[in-house]
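In what follows, a structure is listed as structure tokens, so that the remarks can point back to it.
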């Protein structure tokens, strides 16, 4: 201890984001949905009913959309991803994409216990596509 | 119905869902510090009267799933 300053050498402090903290302290949750050869308006969907006594907090969302046929690979791969509370019938988040996207949420999407959530990627192209949707979050 | 119960209780960290050619949905669950992969093939998931689990499969893996 120098100059009378407290000895902090035994104390460790990590600065982490809330989602990162929650993934360790709460129940970490990751979801992945896939669908092959989807025509326009076809979707990849993950359905989950939050039936534990905890709420689901979605902190990140991503999707990938790519053409099924190689001949369509250089075209725009239009689509959208959304989080839909099927119990309330309310879309909580929708984003249009071309080929895919990923987004971390500064403010979590909350699915209350007892509610069913659909996490989806839609094909909005005029050709068949492969779809992948993923979401991350935690239950607490 | 071990896998269905795990899904109902939220007793997992990772879940994937993949439609199968036979019309079923393959649901795969894994959990940290649990060296098993839980799979079930289900029709009409969450549709109370029509939901039917076709098959369940629990596979032991060599290493703990820690993804």
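Chains as they are written, first to last, in my numbering: chain A, 1 to 140; chain B, 1001 to 1067. Even glycine gets a Cβ: it sits at the ideal position worked out from N, Cα and C. In this text, all values refer to a predicted model and were calculated from it rather than measured experimentally.
**Item:** Straight-line Cα distance separating residue 59 of chain A from residue 1005 of chain B
**Value:** If you take the alpha carbons of residue 1005 of chain B and residue 59 of chain A, they lie about 25 Å apart.
**Request:** Using a Cβ cut-off of 7 Å (strictly closer), state whether residue 1010 of chain B contacts chain A.
**Result:** Closer than 7 Å to some Cβ of chain A, the Cβ of residue 1010 of chain B qualifies, so yes.
**Request:** Identify, in the order they occur along the chain, each residue of the same chain with its Cβ nearer than 7 Å to the Cβ of residue 82 of chain A, setting aside the five sequence neighbours on each side.
**Result:** Hits under 7 Å: 91, 93, 94 and 120.
**Message:** Can you look up residue 54 of chain A in the DSSP assignment and give me helix, strand or coil?
**Reply:** Correct three-state label for residue 54 of chain A: coil.
**Prompt:** residue 1046 of chain B versus chain A: which residues are under 8 Å apart at the beta carbon?
**Reply:** Those within 8 Å of residue 1046 of chain B in chain A are 47, 49 and 116.
**Asked** Whose Cβ in chain B lies nearer than 8 Å to the Cβ of residue 27 of chain A?
**Response** By Cβ distance, chain B contributes 1010 and 1013.
**Message:** Judging by CA-CA distance, which residue of B/1026, B/1019 and B/1030 is the nearest neighbour of residue 42 of chain A?
**Reply:** Selected option, being the one with the closest Cα: B/1019.
**Prompt:** Between residue 1013 of chain B and residue 100 of chain A, what straight-line distance do the alpha-carbon atoms span, to the nearest angstrom?
**Reply:** One C-alpha to the other measures close to 24 Å.
**Against chain B: residues of the stretch 29-46 of chain A by CB proximity under 9 Å** = Flagged, chain order: 29, 30, 31, 32, 33, 34, 35, 36, 44, 45 and 46.
**Request:** Provide the residue span of the alpha helix (DSSP H) that contains residue 1008 of chain B, from first to last.
**Result:** Element bounds for residue 1008 of chain B: 1002-1009.
**Prompt:** Which chain B residues are close to residue 139 of chain A, counting only those with a beta carbon under 8 Å from its beta carbon?
**Reply:** What residue 139 of chain A touches in chain B: 1010.
**Prompt:** Run through DSSP, which three-state label would residue 70 of chain A get?
**Reply:** Here residue 70 of chain A sits in helix by DSSP.
**Message:** Given this structure, state the Cα-to-Cα distance separating residue 124 of chain A from residue 14 of chain A, to the nearest angstrom.
**Reply:** Straight across, the Cα-Cα distance linking residue 124 of chain A with residue 14 of chain A is about 43 Å.
**Item:** Any C-beta of chain A under 7 Å from that of residue 1021 of chain B
**Value:** Taking 7 Å as the threshold, the shortest C-beta distance from residue 1021 of chain B to chain A does not fall below it.
**Asked** Mind pulling the chain B residues with CB within less than 7 Å of residue 52 of chain A?
**Response** Chain-order list of chain B residues neighbouring residue 52 of chain A: 1009 and 1010, by C-beta distance under 7 Å.
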